[in-house]
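So the sequence shown is numbered by our numbering: it starts at 333 and just counts up by one.
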Amino acid sequence: MTQWDDDTVSAVVAALYQGPERATSVAENLRAVDLAAREAARVGAAILICPEMSATGYNLGPLVAQRAEPSHGPIADEVGATARRYSIAIAYGYPELAAGAVYNSVQVVSASGTPLAHYRKTHLFGALDRDHFLPGMELVVQFDLSGIRCGLLTCYDVEFPETVRAHADAGTQWLIVPTGLMRPFERVAKTLVPARAYESQMFITYVNRCGTEAQVEYCGLSCAVAPDGTELARAGAAEQLIVTEIDLAVLEASRVVNTYLQDRRRDLY
333 MTQWDDDTVS AVVAALYQGP ERATSVAENL RAVDLAAREA ARVGAAILIC PEMSATGYNL
393 GPLVAQRAEP SHGPIADEVG ATARRYSIAI AYGYPELAAG AVYNSVQVVS ASGTPLAHYR
453 KTHLFGALDR DHFLPGMELV VQFDLSGIRC GLLTCYDVEF PETVRAHADA GTQWLIVPTG
513 LMRPFERVAK TLVPARAYES QMFITYVNRC GTEAQVEYCG LSCAVAPDGT ELARAGAAEQ
573 LIVTEIDLAV LEASRVVNTY LQDRRRDLY
């Protein structure tokens, strides 16, 4: 799914919501998203990015299927209303019910509450995913936000260099990655995600869960990384809203210096 807007600017402010730390119901999760959207809009953000399965919870066992909804269901309606209320785009995760199957999905709605993009996680992580979801079959999903070409991946997807490079080849400039990274895999957030941004020359915003859910302890460490490897923002372990700027001028300057994409020997691969 791809959608391009007519607006063209070179920079956009993004808010990364690492939370909520404690929530037990869909209503509580959506209330937390609403509060985060209000604060993000107050500081001038154009988009609020929430973690993997942020609308429902993630490590829920049988509740995953019970809380699954179509992409146009009540959760989408509520998030769309929040987006309209604060005039801010929102990326959120939820279990999607489609044709009797459940997918680990991310949906992006515009500031007017209309759908911009929808992605189903393609690389499933262990029993946490495989016991509840089918894998998506479309790897590169893009949308446009204020003239910046954005792409979507989810959690484990970004740990494969091929997925990020596929986005680079398709023209993605900013990769948005909701995640549910747990301990003891902090190295993914600290080392691997910055490496992906640098080697494929794009911005990456990696937005994690926090707190404990059943036996899973999420490690936080949400981050925004520039194509030149600069860490633009980094959260700790607790609930937090961090804000960063995605500036295409930084991308253009980095790709002049770091020419990985143009220097590849495709004839040998």
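All C-beta atoms in this analysis are idealised placements derived from N, C-alpha and C, irrespective of residue type, glycine included.
Supposed close pair residue i, residue j - CB separation, criterion 8 angstroms
i, j, result
"Pro406", "Glu428", "Going by Cβ atoms, the distance from Pro406 to Glu428 rounds to 13 angstroms, so no, they are not a contact pair."
"Leu460", "Asn391", "6 angstroms"
"Tyr349", "Ala368", "4 angstroms"
"Tyr538", "Val509", "5 angstroms"
"Ala565", "Ile574", "4 angstroms"
"Val440", "Ala449", "5 angstroms"
"Asn590", "Gln547", "Rounded, the Cβ-Cβ distance is 41 angstroms, inconsistent with contact."
Cβ-Cβ distance between residue i and residue j below 8 angstroms
i, j, result
"Pro467", "Leu456", "yes"
"Gly376", "Val411", "no"
"Arg416", "Ser444", "yes"
"Ala387", "Gly425", "yes"
"Leu477", "Ala408", "no"
"Ala433", "Val472", "no"
"Cys555", "Val525", "yes"
"Pro383", "Gly512", "yes"
"Phe535", "Ala529", "yes"
"Gly479", "Ser342", "yes"
"Ala359", "Tyr418", "no"
"Ala521", "Leu593", "no"
"Leu380", "Ala413", "no"
Collapsed DSSP secondary structure at residue i in the structure displayed
i, result
"His404", "coil"
"Gly425", "strand"
"Cys482", "strand"
"Leu466", "coil"
"Tyr601", "coil"
"Gln398", "helix"
"Gln439", "strand"
"Asp489", "helix"
"Ala585", "helix"
"Ala373", "helix"
"Thr523", "helix"
"Ala368", "helix"
"Arg566", "strand"
"Gln505", "coil"
"Asp476", "strand"
"Gln572", "strand"
"Glu360", "helix"
"Tyr530", "helix"
Residue i burial status per 10 Å Cβ neighbour count (16 or more: buried)
i, result
"Ser442", "buried"
"Arg597", "exposed"
"Ser437", "buried"
"Arg354", "exposed"
"Pro352", "buried"
"Leu600", "exposed"
"Asp489", "buried"
"Glu545", "buried"
"Ala397", "exposed"
"Ala400", "buried"
"Thr504", "buried"
"Tyr435", "buried"
"Gly389", "buried"
"Ser357", "exposed"
"Ala423", "buried"
"Arg452", "buried"
"Arg462", "exposed"
"His684", "In this structure the chain extends from 333 to 601, so residue 684 is not present and cannot be described."
"Ala570", "exposed"
"Met385", "buried"
Mind the definition here: the stretch 545 to 555 touches the stretch 510 to 520 only if three or more C-beta pairs lie below 8 angstroms; say whether that holds.
yes
Would you call the stretch 578 to 590 and the stretch 555 to 563 touching, i.e. three or more CB-CB distances under 8 angstroms?
yes
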